[in-house]
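Residue numbers (my numbering): 26 to 650.
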């Protein structure tokens, strides 16, 4: 679906995000821009300047503490492992108009989705919100993700004014809809909740709860996670109100303005250090799960000028028939995650100021800006390759600061069936599986690390998986030779072999099997992701796209999840022979790869045969001329 309509981030963001304060002084109202702030502060005494800086730092740590406590309370009260172990959620504080103040990761790709969801709620209800209200939606085209992400938000009122929002987006494993297989529209993927009030002036909307209860397969778990999210957002409201009460509304809100200005200044300063120019790169996804083998193009264009960057995603594929689409919030998040990594990765809290110098161009109707009724169930897969491709483009401008390609997939195995313990329906997932990240110009890539889209998420512990589901983990280790060879080696992927202890259904929607994690500056690609199953003792590896849709496994059958490695950086023959020998001893690479790929010959004891290695490298160099 093509259209000329553009979805763009704002080039500038209003500093003050509250209803105008009628009692504020002219001096207080002047603190709305970097320029006027500098003039105002110059007229103050050193003591006042120091106090303002100290208060700003107190508020900075205060909002971080608030979102951290929101995270902890959510994890401690959630019912599903994907929240309390895998951490598939994000919590945050926002200004009165929905701009990000601080988020607790979770998923980096929720940066824009949560903010846009609050803004959509503001647009929907206007001034018809008040103390004691809690708003909810799981609209995939607003959040940018899928129907599994329920988002609850509380407007925070202090002294009669709306001063901010507390928000929590978390993954519910069960939202109804079909189990596994292929979906080609949103209607088959589960219950859709438009923007509604879960609670009005403290009174819960029981009708809404009843509708949700009757549309999920395991209602007690869904209701438990719902209550956990309410605890998270009410914690954010309570703690932010305490901050306002202790230090004063005007002081706290002005400090938040300053924090955003500081983040903006840091991002702009780093952006200025990047050479001006236009940088392009492309990659592809294997297919959309419907048209098998039809590659999905991913093309990006980055324009850098002065202290401003534009990331143009016009070359990204139109939305697909399969279930790998995501909404426009995710398209913007792709650019924001990449930009923050390039310019202000260590600046906390994560806030709107970091993105004021970024513009994102996302045409409507792409796989990262899909429109209804596009299927959205596996929304998270394509965006991480978009980010990967932005880094690939920026290698031209920042060769010492970007990584080679990474495995770019969750590596999930989805299971469901009837538990032999109690005869009840179960629904779960193995993973997210860590994989290899790309090497840099100065160091090897990380091994067994969760994909870029998922930030701080973890895998589900094996012990809990075996206790809760009829599974036996036969193997979980690093995948030898999966990291791309290079002067600096790509990180290694993982291999998980899991046996069914009773009959169950298995699904895997893995991608990037064929678009292997690329190397940079002469480095080689890492291995791609892969899935196999063994039925009745016979290995079934005929899945050309690493997608296994609704296969029945009986007791003793196994599935294997193989995640890719990261790309290498620099020519492999430039890697230190001692490092190669170390990798062989650790099992990271095989002795065959050491000789054939790295041109290093080892003795029977595993030590470097220096003379033969030098001779081999000299011979290979001569042959290459």
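Here a beta-carbon is modelled for each residue, glycine too, at the ideal position from N, C-alpha and C.
Report back the beta-carbon spacing between residue i and residue j to the nearest angstrom; my notes put them in contact at under 8 angstroms.
i, j, result
"residue 410", "residue 537", "7 angstroms"
"residue 402", "residue 289", "Not a contact, Cβ separation roughly 36 angstroms."
"residue 189", "residue 120", "6 angstroms"
"residue 115", "residue 135", "4 angstroms"
"residue 414", "residue 306", "5 angstroms"
"residue 181", "residue 262", "5 angstroms"
"residue 528", "residue 578", "7 angstroms"
"residue 490", "residue 299", "Going by Cβ atoms, the distance from residue 490 to residue 299 rounds to 44 angstroms, so no, they are not a contact pair."
Report yes if the C-beta distance between residue i and residue j is below 8 angstroms; otherwise report no.
i, j, result
"residue 520", "residue 502", "yes"
"residue 108", "residue 171", "no"
"residue 3", "residue 347", "This structure cannot speak to residue 3, because the chain is shown only from 26 to 650."
"residue 84", "residue 268", "yes"
"residue 417", "residue 308", "yes"
"residue 323", "residue 341", "yes"
"residue 228", "residue 159", "no"
"residue 184", "residue 129", "no"
"residue 594", "residue 560", "no"
"residue 103", "residue 215", "no"
"residue 157", "residue 254", "no"
"residue 260", "residue 100", "no"
"residue 518", "residue 460", "yes"
"residue 155", "residue 226", "yes"
Within the same chain, show all residues whose beta-carbon is closer than 6 angstroms to that of residue i, passing over the 5 residues directly before and after it, in chain order.
i, result
"residue 141", "354"
"residue 600", "512 and 623"
"residue 441", "204, 452 and 530"
"residue 535", "434, 554, 556 and 571"
"residue 212", "none"
"residue 332", "293, 296, 297 and 382"
"residue 166", "352 and 397"
Taking just the CA atoms, how far does residue j sit from residue i?
i, j, result
"residue 132", "residue 623", "37 angstroms"
"residue 471", "residue 239", "44 angstroms"
"residue 143", "residue 608", "49 angstroms"
"residue 454", "residue 343", "29 angstroms"
"residue 649", "residue 618", "19 angstroms"
"residue 605", "residue 468", "14 angstroms"
"residue 386", "residue 338", "6 angstroms"
"residue 637", "residue 522", "39 angstroms"
"residue 82", "residue 270", "17 angstroms"
"residue 360", "residue 532", "30 angstroms"
"residue 643", "residue 598", "10 angstroms"
"residue 363", "residue 447", "46 angstroms"
"residue 294", "residue 437", "39 angstroms"
"residue 393", "residue 164", "15 angstroms"
"residue 207", "residue 574", "7 angstroms"
"residue 400", "residue 286", "39 angstroms"
"residue 222", "residue 319", "43 angstroms"
"residue 485", "residue 576", "22 angstroms"
"residue 87", "residue 477", "28 angstroms"
"residue 487", "residue 97", "22 angstroms"
"residue 374", "residue 443", "44 angstroms"
"residue 633", "residue 610", "11 angstroms"
"residue 603", "residue 330", "43 angstroms"
"residue 613", "residue 505", "5 angstroms"
"residue 439", "residue 524", "13 angstroms"
Going by DSSP, what residue range makes up the beta strand (DSSP E) through residue i?
i, result
"residue 252", "Taken as a continuous stretch (DSSP letters only), residue 252 belongs to no beta strand (DSSP E), being part of the alpha helix (DSSP H) at 244-272."
"residue 559", "555-560"
"residue 140", "Segment 135-150 is the alpha helix (DSSP H) holding residue 140; no beta strand (DSSP E) there."
"residue 177", "174-183"
"residue 572", "572-578"
"residue 208", "Taken as a continuous stretch (DSSP letters only), residue 208 belongs to no beta strand (DSSP E), as it is neither H nor E."
"residue 186", "186-196"
"residue 388", "383-388"
"residue 303", "302-310"
"residue 520", "519-525"
"residue 533", "529-534"
"residue 563", "563-565"
"residue 348", "First-last for residue 348: undefined, no H or E at that position."
"residue 223", "221-225"
Given residue i, which residues of its chain have a CB within under 8 angstroms of its CB, disregarding the five upstream and five downstream residues?
i, result
"residue 49", "Model confidence at residue 49 stands at a pLDDT of 35, short of 50, so the residue's coordinates are unreliable; what they give is reported in the following sentence. Cβ within range, chain order: 275."
"residue 482", "111, 112, 113, 131, 132, 457 and 475"
"residue 199", "241, 242, 243, 246, 247 and 452"
"residue 301", "329, 330 and 331"
Given residue i, which residues of its chain have a CB within under 7 angstroms of its CB, disregarding the five upstream and five downstream residues?
i, result
"residue 462", "428, 431, 470, 471, 474, 516 and 591"
"residue 541", "550, 551, 552, 553 and 589"
Can you confirm whether residue i, when its beta carbon is compared against all beta carbons of chain C, has any partner nearer than 8 angstroms?
i, result
"residue 83", "Judged by its chain identifiers, the structure shown contains no chain C, having just a single protein chain."
Within the continuous alpha helix (DSSP H) that includes residue i, where are the two ends?
i, result
"residue 233", "231-238"
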